[in-house]
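Q: Just so you know, full-length UniProt numbering puts 164 at position 164 of the sequence shown, and the rest follows in order with no gaps.
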Amino acid sequence: MLNFAILGAGSIARVMATTINKMNSSGNNIVKLAAVASRSLDKSKLFASEFNIEKAYGSYDELYNDPSIDLVYIATPHNFHYEQCKSCLQHKKNVLCEKPFTVNVKQAKELLDMAAEKKLFITEGIWTRYQPMRRIIDDEIKSGIIGHPMMVTANLGYNMTRKERLLKPELAGGALLDVGIYALNFANMILGDPDEVDSSCIKNASGVDMSNSVTFTYKDTAKMAVLCSSALCVSDRFGMIHGSEGFIMVENINNPQSLKVFDKAYNLIKEIKAPEQLTGFEYEVEESAKAIKIGEIQCSSMPHEKILYMMNLMDSIRAQMGIKYPFE
Ligand SMILES: NC(=O)c1ccc[n+]([C@@H]2O[C@H](COP(=O)([O-])OP(=O)(O)OC[C@H]3O[C@@H](n4cnc5c(N)ncnc54)[C@H](OP(=O)(O)O)[C@@H]3O)[C@@H](O)[C@H]2O)c1
């Protein structure tokens, strides 16, 4: 049983704590909730009592200095990931860091190099890469049921106009790094790395993207992906895979719940539901814990090379959109 700790007692931390409690109650004891750390001891104690966590720390430093912790889950706004992952590695802790892994590729490379040098495990918790629906979607495409997949369209948007971390450049705000990342990963998992990328966006008064569109082109194979994300509106969250003989509709690219296959006459010919989930976060926890147990420093579902690729991709999209964070 690995000792799992949560750094930052915010909203996604609650989902992770629920996940681990559910894993344990269903008999999966690969990790146990050993500690939570918050900048506020009161908040940390409240969180620990709600989720039945052994230790509640009122500072992140106390967590870094606890030698019993095997794996730290970083659950803070994007701009803090780099420093907090670095501190974990410096204190010999393995790390599962929320998406986006860091703010840019430079930070990501430094962390991955440090993990390799120290032989510690680190990964990005982009949950859709670890979920079984990824393989199910792949298998459907490989079966040839829609012919050749030629065009992917996907979107993800929520009204997040009241979420501080989305709006502020100093918190690495914007739709791209927060929700656009799911559309980019969706297309990348299906079509691979594009030859060209074009993008545009609408910015808020502070200069971060509130809505954006990104187009991938694959020159040799004539494939395309058209992706959009927004912090201003509720989107249908569909991911569509258009093929030469039909198409696949994936419901909710931010945690796929089902896929529907249609033929070229628009008849629904197949529907597959996602396997029942605890919360959808159990897969990344399980894969991380298994990797640590066998001495791996990365997960096969999101190898370090792919983390770097995706961070570099988002850097280049931000460069096209003219978005630079104040600390860059
Ligand atoms: N995988 C998913 O589906 C998913 C969903 C939502 C979010 N996320 C990711 O999870 C991360 C956290 O998101 P969230 O919605 O949970 O964030 P949040 O609730 O706004 O903040 C999480 C915690 O970070 C610390 N924090 C927040 N604002 C801070 C500030 N201005 N200065 C210093 N510390 C601050 C706080 O920890 P303490 O006060 O406890 O110290 C807070 O409780 C983000 O990177 C996001 O992309 C992932």
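Heads up, the beta-carbon is just placed ideally off N, CA and C, and yes, glycines get one too.
Within the present structure, is the beta-carbon of Gly174 separated from the nearest heavy atom of ligand 1 by less than 7 Å?
A: Incorrect: Gly174 has no Cβ contact closer than 7 Å to ligand 1.
Q: Looking at the structure shown, is His81 part of a helix, part of a strand, or coil, going by DSSP?
A: Looking at His81 - three-state DSSP - the assignment turns out to be helix.
Q: Nearest-angstrom Cα distance between Asn267 and Gln131?
A: Their Cα atoms are separated by approximately 27 Å.
Q: Would the C-beta of Glu98 count as close to ligand 1, meaning under 7 Å from any of its heavy atoms?
A: Yes, ligand 1 has a heavy atom inside 7 Å of this Cβ.
Q: Give the DSSP-derived three-state secondary structure of Met311 in the structure shown.
A: Here Met311 sits in helix by DSSP.
Q: For ligand 1, I want to know if Gly58 counts as a neighbour, meaning its beta carbon is within less than 7 Å of at least one of the ligand's heavy atoms.
A: Not under cutoff, so the answer is no.
Q: Checking 8 Å against the spacing of the C-beta atoms, do Arg165 and Gly173 come in under that value?
A: Their beta carbons are under 8 Å apart, which means Arg165 touches Gly173 by this criterion.
Q: Hey, how far is the Cα of Ile202 from the Cα of Tyr182?
A: Going by the C-alpha atoms only, they are around 19 Å apart.
Q: For Thr221, count the other beta carbons within 10 Å of its own beta carbon; 16 or more makes it buried, fewer makes it exposed. Which is it?
A: So Thr221 counts as exposed.
Q: What would DSSP say about Thr123, mapped onto helix, strand or coil?
A: In this structure, Thr123 counts as strand in the three-state DSSP scheme.
Q: Does the beta-carbon of Phe51, which I'm using as the reference point, lie nearer than 7 Å to any heavy atom of ligand 1?
A: False, no ligand heavy atom lies under 7 Å from that Cβ.
Q: For Thr279 and Lys109, what's the separation of their Cα atoms in angstroms?
A: Approximately 30 Å, taken between the alpha carbons.
Q: Straight-line CA distance for Asp178 to Met16?
A: The straight-line gap from Cα to Cα measures roughly 18 Å.
Q: So within the region 137-212, which uninterrupted beta strand (DSSP E) runs reach at least 3 residues, ignoring any that extend past its ends?
A: With a minimum length of 3 residues, the continuous beta strand (DSSP E) runs that stay inside the region 137-212 are 149-157, 196-203.
Q: Which of the three DSSP states is assigned to Lys99 in this structure?
A: Here Lys99 sits in coil by DSSP.
Q: Hey, out of Met311, Gln84, Ala5, His304, whose CA is closest to Ile69's CA?
A: It is Ala5 whose Cα lies nearest to the Cα of Ile69.
Q: What are the uninterrupted segments assigned as alpha helix (DSSP H) that are 4 or more residues long and contained completely in the region 278-328, given in chain order?
A: Counting only runs of 4 or more, we get 282-293, 304-321.
Q: Count the other CB atoms, across all protein chains shown, that sit within 10 Å of the CB of Arg39; report buried if there are 16 or more and exposed otherwise.
A: Exposed, because fewer than 16 other Cβ atoms sit within 10 Å of the Cβ of Arg39.
Q: Just how far apart, CA to CA, sit Arg129 and Lys32?
A: Cα-Cα distance, rounded: 23 Å.
Q: Out of curiosity, what's the CA-to-CA distance linking Thr123 and Ile297?
A: Rounded to the nearest angstrom, the two C-alpha atoms are 8 Å apart.
Q: Checking the sheet assignment: what are the DSSP bridge partners for Thr217?
A: DSSP lists Glu196, Met224 as partners of Thr217.
Q: Is Arg135 buried or exposed, if buried means 16 or more other CB atoms sit within 10 Å of its CB?
A: With fewer than 16 Cβ atoms within 10 Å of its Cβ, Arg135 is classed as exposed.
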